[in-house]
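Which chain is which? The protein sequence lines are F and D, in order.
Here the first sequence stands for residues 1 to 113, where the numbers follow this note's numbering.
Here the second sequence stands for residues 1 to 115, where the numbers follow this note's numbering.
To keep things clear, I will list the structure first and then write my remarks on it.
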Amino acid sequence: KNEVEQSPQNLTAQEGEFITINCSYSVGISALHWLQQHPGGGIVSLFMLSSGKKKHGRLIATINIQEKHSSLHITASHPRDSAVYICAVRRSGDGGSQGNLIFGKGTKLSVKP
Amino acid sequence: DGGITQSPKYLFRKEGQNVTLSCEQNLNHDAMYWYRQDPGQGLRLIYYSQIVNDFQKGDIAEGYSVSREKKESFPLTVTSAQKNPTAFYLCASSIGRLAGVSEQYFGPGTRLTVT
């Protein structure tokens, strides 16, 4: 079983819809990242969070540490939001070591006009 | 403009040849990383470097080598010992030396095809 699971794997939405992408993890973490990968391959960091909620424009990321779950929400979705969204976590307790990130497989989002 | 550059974007090689992928950053970041991405899989860490002249193996280092002679540069060599080298390779950097503690900035990637 993967330590980081994302759902759904693929998501198609109509422009304007509210979108939710989920990330569940099975390890203790010190931080969780949401990343966006566009069709060309480049990756952009959207959020890094360890508790609560963060908002940037139409994007909202929440995390529930007790339930080991995070969600990425997109309000008023637009075709330009079409991308692969990746969840990654850093294990807690890695202390002074590198503490590698563990990546989910990604959720491919397609927003139709 | 600060950022990470990787070159080339597409690279083709014959089996048995070593190939070096370039990664340069002008963000003054201490840490740099190389990831590999295969279809249907999450990114996997190949090598990382927290400081000049030092680097550590990641989860899938076999068949790869790196150097970190300058803060700005972290080239990755895919050797002929790598069994399945065809993949998309991403370089990243972060201001902090601990992965995940600070935001990672990614390059545009290099798609390597070995035939």
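Ideal placement from N, C-alpha and C gives every residue a C-beta, glycine not left out.
Item, Value
"Can you list, in chain order, the residues of its chain with a C-beta nearer than 7 Å to that of Ser-45(F)? Leave out the 5 residues immediately preceding and following it.", "His-33, Leu-35"
"With DSSP as the reference, label Asp-54(D) as helix, strand or coil.", "strand"
"Could you say which of Phe-103(F), Asn-22(F), Arg-80(F), Ser-50(F) lies nearest to Arg-44(D) if we only look at CA atoms?", "Phe-103(F)"
"Who are the Cβ neighbours of Glu-15(D) in its own chain at under 8 Å, not counting the five residues just before and after it?", "Ser-80, Val-114, Thr-115"
"Report yes if the CB atom of Ala-92(D) is closer than 8 Å to the CB atom of Gln-104(D), and no otherwise.", "yes"
"If we ignore side chains and look at the alpha-carbon of each, how far apart do Pro-75(D) and Leu-90(D) end up?", "11 Å"
"Using a cut-off of 8 Å between C-beta atoms, extract the partners of Ser-45(F) located in chain D.", "Glu-103, Gln-104, Tyr-105, Phe-106"
"Let me make sure I understand the geometry here. Which of Gln-14(F), Val-4(F), Ser-92(F) has the alpha-carbon closest to that of Ser-82(F)?", "Gln-14(F)"
"Any idea if Phe-47(F) is buried or exposed, counting beta-carbon neighbours within 10 angstroms, 16 or more meaning buried?", "buried"
"Work out the CA separation of Gln-25(D) and Ser-7(D) for me, nearest whole Å.", "12 Å"
"Would Gln-25(D) count as contacting chain F if we go by Cβ distances under 8 Å?", "no"
"Could you tell me whether any Cβ in chain D is nearer than 8 Å to the Cβ of Asn-100(F)?", "yes"
"Hey, Tyr-85(F) and Leu-109(F): beta-carbon distance below 8 Å or not?", "yes"
"Who are Gly-52(F)'s beta bridge partners in DSSP?", "Ile-63(F)"
"Below 8 Å on the Cβ atoms is my guess for Lys-105(F) versus Gln-37(F); work out the distance and round it to an integer in Å.", "Not quite, the Cβ-Cβ distance comes to about 11 Å (not below 8 Å), so this is no contact."
"Shorter than 8 Å from the beta carbon of Gly-40(F) to some beta carbon of chain D?", "yes"
"Express the C-alpha separation of Ile-65(F) and Ala-31(F) in angstroms, rounding to a whole number.", "10 Å"
"Distance cutoff 8 Å, beta carbons only. Does Gly-28(F) sit that close to anything in chain D?", "no"
"Using a beta-carbon distance cut-off of less than 9 Å, what residues from the region 39 to 57 of chain D approach chain F?", "Gly-40, Gln-41, Gly-42, Leu-43, Arg-44, Leu-45, Tyr-48, Gln-50, Gln-56"
"According to DSSP, Ala-87(D) sits in a beta bridge with which residue or residues?", "Leu-112(D)"
"Give the straight-line distance between the Cα atoms of Thr-20(D) and Ile-95(D), rounded to the nearest whole angstrom.", "24 Å"
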